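Beneath this line is the structure, given in structure tokens, with notes to follow.
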Amino acid sequence: MASVVAQCHYIFGLRTGVINNICYFDEQTVIFPCGNNCVRYNIDQRWQRFIPGTEKSQGMQALAISANRRYLAVSERGEKGTITVYDLQHEQSRKRKVLSGGEVPVLEFVSMAFSPDSKYLIGQAGAPDWTLFYWMWEKQKVMASVKTTGSTNPINQVSFNPQDNTQICVSGNGVFKLFRYAEGALKQSNFLKLESHNFLSHTWMSEERVIAGTETGRLLVFESGDLRWEMSVTTKPATQEADRQLERRKPEEVKSEGAAPARMPRITAITSYSKGFACSAGPGTVCLFEKTEEKDNYRKTREIRIPADPCSNEPSHAEQQEMVTLCISPSEETLVTSTDRGQLYSITLSSAEMSKGEQAHFEFLSHSFHSNIITGLSICIRKPLIATCSLDHSVRIWNFETNVLELHKEFQEEAFSVALHPSGLFILVGFSDKLRLMNLLIDDVRTFKEFTVRGCRECVFSHGGHMFAAVNGNLIHIYSSTTFDNLLNLKGHNGKVRAIVWSTDDSRLVSCGMDGAVYEWNTLNSKRESESVLKSCSYTGVTISPDAKTIFAVGTDCTLKEIQDCQILREVAADDVAYTTIAMSRSGRVLFAGTSIGTVRAIKYPLSTQKDWIEYQAHSGAVTKMVITFDDQYLLTVSEDCCLLIWKIIDKEGRGLKRDKDITYAEEILITKSDLEEKNQIMMELKTRVEELKMENEYQLRLKDMNYNEKIKDLSEKFVQEIESLKTKNQVLKTEKEKQEMSHLEVTREVVEKHSREQQDFESTSNQKLMLEYEKYQELQLKSQLMQEGYERQLQAMEDSKGRALEELTLFYEAKLQEKMLMLGQCQDESRQQMREFEESKKQMEEDGDREIQDIRIKYERKLRVEKEINLRLKGETGVMRKKFSSLQKDIDDRNVEIEKLRVEQQKLRGVIKSLEKDILGLKKEIQERDETIQDKEKRIYDLKKKNQELEKFKFVLDYKIKELKKQIEPRENDIKEMKEQIQEMEGELDQVHKRNTQLELNITELKLKLKATDKEMHKETQRVRDVEALVRRFKTDLHNCVGFIQEPKRLKDSIRELYDHYVQQSDVVDIVGVDADIQREYSRQREHLERNVASLKRKLAKDTEVHRTENVKIMKENVSLIKEINDLRRELRLVRTQVHDNKSQSSISKKKLSSSDLTALTSVEGRGLVARLNFEEEAERIIQLQRVEIQRLKMQMQGQSHPLIPPSSSTKLPVLTT
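Using my numbering, you'd call the opening residue of the sequence shown number 73 and step up by one each time.
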């Protein structure tokens, strides 16, 4: 066997056509089919585990997971359909049991389900028998089976009752049946005719209720097997619009299209959860329904859609996908769905319910997958990238290290081939019209150069990246990657070229084609170096050894060929399986080949004639391309099943292959100058915006700090006062406590003394009672001894009497036994006599029988001779009859054709007859019921005719009351209209007031801060001016006095010195430096104090914002409750109107039918009803008035909250800090 093996590492894709192809294993893990495997995918950690399919299976049909999430059942098609049950709790998900139909021939099982306790499994076999099997799967025992439908009505789904192992639901085209397992058989428990409905899906809502979805968008609810009600998933306006469009269409168009109905939303999937259920509602749409309180109905609460694909050429195509399966996680947090195009989407239900005003959209569960055959596969050297292209018009770039989708883009044309440049920065894609060279940008794939190569099925870059080869039919073009010139054209193939491969040094190119030729070309001079032609084989894949000496090719002749020096050295047979592609590792140790059935084979090299390979279950379709990474660590395969599979190449011990040198992947990416400038511009704008927001936040914080400082002062003073009051209270309570303790000690002392006295009294009384009881006990003991002696004497007498009676009975029965023995001897003598008589009669009967047999033999021998003569005569007649038979056979064939036509018509007529018989039975029941009601009515009419005369007398009274009621109702209606208008106006005013209040709050705070700052500055300046003016005035007067001594220099000198001493003090000059130091210290102390205050205020600010938020939420809830009460009042008003209308109609009828005796009761009841209705109207009016008062109060409260707190005056100072 090969020393190198491959192990499944990661897979991208989803297998379509599998029923129930997505299910939850736990909250983070889902299971879905991909290729020929089932994948366990962890959504959070993004790892995968594989459950391989069985060998030689023709594909999966359905999945089912048990209720306890432990077992997985996989249905596979083959020569004999099987169901395989896997144990998911085992690390390798080991296979537990394989189930089949036993002796019943079954090709496939189309639907399966586990029982609630996971012990039983049901499987619905496919056409033509449509047999339902009921297994105890752990013992592989078929408990029961039943045919569920005819060959023309396929079954779509089967399921167990979630509470009952014995009840099963089956739905399909015109089929909705409930079966119950009892007495070893499945028996149908409901018999409904629903041939007009095609049920695509169903789900159990409870033990009795099932909801089923149809092809026409109808939801049918069944309870206990009977249809309860029916609804549509589409809204009424949408259906009306569809009807209008149908009416506008011309009759000619309708005739040309036939009688095909308009396409309705198909309910292809439905699943239930605790609040209700989710179902598909047409292309790309899922509806959530929740249970209402009224009559157990359901209402549509949410609509979730698949979003448009921005990477697609036509984004709306993604919205047209059909939902296949819906699945909800065990905790009901996440909804996952799969589509008919092989995509997986998910949404968190909590986010869908919260986004009330916005449209809810699905997101990809992991990545976007290919939805059609993958035609191209390529890798590069400098980056861990994989490029794939598909017939779904898309090109995708994957990363095999991080297992993510890097890039994805869809085009208008189909992509046939793809090639990545070794640098990983460019990609070559062959479309149906042109070959395009594109740049791989950071978020896009953009065309850089186009080449006129139509329908390029193969293209590949050289290892150096300086050239690339492209196939055009049977030609191979070689272009330069730098100048884009066509360097060479390689001609020689007579058929289409299917594969090309470069040698390691890029000096040679090997190609193979459908003409059976394998050519080796020199890429310098376009000459053919070697060739090998085998016209009986159409080659599909080729590869070359690392030393470029050996070529390996595969084709349609189911063999692997090793070609060297124009000769086929070896041919290895593939066991009747065609190889489609081949790849060789860089080390040359192993070959990998893909087959037409989707398997991958690891073939040991050098090749041997024996079957020296390992085969792996990989894909469900033919492998189209296969590549090995340049470090020999991964094998990549793509297939017709739309899947990309990454294999880890390891040795037998589980270690990766040794690398020649470590490869460091490049991290560079391409981006255009315009995109970079645009991104930089956006970053600059965002930075400026952040700076602006920072400034605004700092300003707001400063304002709040100031406000909260003032609040802290007030609160601190308040708390100090409260602490003082509490201290005084505490002192008072302590004194009271001491008093109570003293009183309590005295009370306990008295209680202890009283208790000791009572205890002594009780002991003396109890001793006396004990003595009395002891004396009574002695007397009773004497009596019991006397009674025991009497009973012993009686017992002895009875034993003697019984012994005598027993002896008498034994003598009696012994005499009887002797009589019976005598009778037995007589009977034996009689039986011997009868045996002798029987033997004599037997001999006589045997002699009579022998004589009769002899007579019969003679008689039948005569008959045999007569029959032989008749047989000879009939042989002649048969020749004549054969000729008649051949002519009659033609008539019979014609008759059979007519009979078949008549049989079809008969079946149709039988169906019509059955439906008509049902209608007849129903009509007969209705006729009987109506006859009974008519008889009752006639009796009542006869009685009422007698009372009609007396009723007319009260006509005037009732008319008068009706007029009064009309007068009372009209003003009430006017008042209600006015109240509605007032409520609407008040709601509008309330919104405007909210907006105005918020704006005014901001304006007021800004203006108050400005005013406060200006006031402070103004007070300081005025005080300074006053001080300076006073000083100047005093200085002027002193100076004026000093000028008077201008003639006396000595006095002038003294006066000037006094003036200097008076206005310029020595301490002022000295204190300047000291004052500056004191100011600095005081400033630092004040700053520390303020910083501590700011920190405490920030904490308090967070608490206050939380309190205000809760108050706002409370007010909003009150508003919501008020609006609900207003809506309730509106509904009650409508009820009052309908009751008034009913009263009018009843009064007009009662004029003709009520009797006088009933009239008095009627008038009293009517009077009470009127009073009740009037009281109800008064109550409604009173409630509305109360609501108005409450709204006014809330407005006042909001206005009060909108006014900010008045800041204290600037004269207040912080307390002096003591150091």
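Backbone N, C-alpha and C define an ideal beta-carbon position, used for all residues, glycine too. Note that the structure is a prediction, hence the values are computed from the model and not measured.
Nearest-angstrom Cα separation, counted from residue j out to residue i
i	j	result
residue 481	residue 981	57 Å
residue 534	residue 223	58 Å
residue 141	residue 94	13 Å
residue 407	residue 400	5 Å
residue 1086	residue 765	27 Å
residue 756	residue 1078	30 Å
residue 126	residue 741	43 Å
residue 942	residue 954	18 Å
residue 448	residue 178	38 Å
residue 751	residue 758	10 Å
residue 425	residue 374	7 Å
residue 532	residue 509	12 Å
residue 326	residue 696	A caution first: residue 326 carries a pLDDT of 35, below 50, which makes its placement in the model too unreliable to give a value.
residue 397	residue 505	37 Å
residue 646	residue 574	26 Å
residue 377	residue 762	35 Å
residue 363	residue 350	12 Å
Test item: CB-CB of residue i and residue j under 9 Å
i	j	result
residue 219	residue 202	yes
residue 77	residue 721	yes
residue 568	residue 545	yes
residue 199	residue 230	no
residue 711	residue 666	yes
residue 1131	residue 1103	no
residue 409	residue 338	no
residue 355	residue 391	yes
residue 586	residue 551	no
residue 214	residue 241	no
residue 456	residue 82	no
residue 690	residue 668	no
residue 1191	residue 1258	no
Buried versus exposed, by CB contacts within 10 Å (16 or more), residue i
i	result
residue 543	buried
residue 936	exposed
residue 494	buried
residue 92	buried
residue 1015	exposed
residue 31	With the chain represented from 73 up to 1291, any question about residue 31 goes unanswered, as that position is not in the structure.
residue 162	exposed
residue 1032	exposed
residue 688	buried
residue 248	buried
residue 301	exposed
residue 479	buried
residue 692	buried
residue 571	buried
Proximity test, Cβ basis, 9 Å: residue i and chain B
i	result
residue 379	Among the chains in the structure shown there is no chain B, since it carries only a single protein chain.
Report task. Only counting runs of 3 or more residues, tell me where the beta strand (DSSP E) segments fall wholly within the segment 447-529, in order along the chain. Result -> Counting only runs of 3 or more, we get 457-462, 466-471, 476-482, 487-492, 498-503, 507-512 and 517-523.
Query raised in the report: At a cut of 8 Å, does the segment 454-463 reach the segment 485-497 through at least three beta carbon pairs?
Result: Short answer: they touch.
Query raised in the report: Any contact of the segment 745-757 with the segment 703-711, i.e. 3+ C-beta pairs under 8 Å?
Result: By the Cβ test, the segment 745-757 is not in contact with the segment 703-711, since fewer than three Cβ pairs between them sit closer than 8 Å.
**Report entry** Ordered list of beta strand (DSSP E) runs contained in the segment 190-223, each at least 3 residues
**Finding:** Within the segment 190-223, the complete beta strand (DSSP E) segments of 3 residues or longer fall at 192-197, 203-208 and 213-219, listed in chain order.
Query - Stretch-stretch touch, CB-based, cutoff 8 Å, three pairs: the segment 130-148 with the segment 96-107 - result: Touching, yes.
**Report entry** Ranges of the alpha helix (DSSP H) found wholly within the segment 986-1068, counting only runs of at least 4
**Finding:** Within the segment 986-1068, no complete alpha helix (DSSP H) run reaches 4 residues.
Report task. Decide if the segment 1027-1037 is in contact with the segment 1197-1211; the criterion is three or more beta carbon pairs, one per stretch, under 8 Å apart. Result -> Flag = no, the segment 1027-1037 and the segment 1197-1211 do not touch.
**Report entry** Any beta strand (DSSP E) of 3 or more consecutive residues that is wholly inside the segment 637-679
**Finding:** Every beta strand (DSSP E) stretch that sits fully inside the segment 637-679 and reaches 3 residues is listed by chain position as 639-645, 651-656, 662-667 and 672-676.
Report task. Enumerate, from N- to C-terminal direction, the unbroken beta strand (DSSP E) stretches of 3 or more residues contained entirely within the segment 684-764. Result -> Counting only runs of 3 or more, we get 685-688, 695-700, 706-711 and 716-723.
Query raised in the report: Does the segment 601-608 touch the segment 625-640, meaning 3 or more C-beta pairs lie closer than 8 Å?
Result: With a cut-off of 8 Å, the segment 601-608 and the segment 625-640 count as touching, because enough Cβ pairs lie within range.
Query raised in the report: Unbroken beta strand (DSSP E) runs of length 3 or more, entirely within the segment 524-594: which are they?
Result: Within the segment 524-594, the complete beta strand (DSSP E) runs of at least 3 residues fall at 531-533, 539-544, 547-552, 558-562, 569-574, 580-585 and 589-594.
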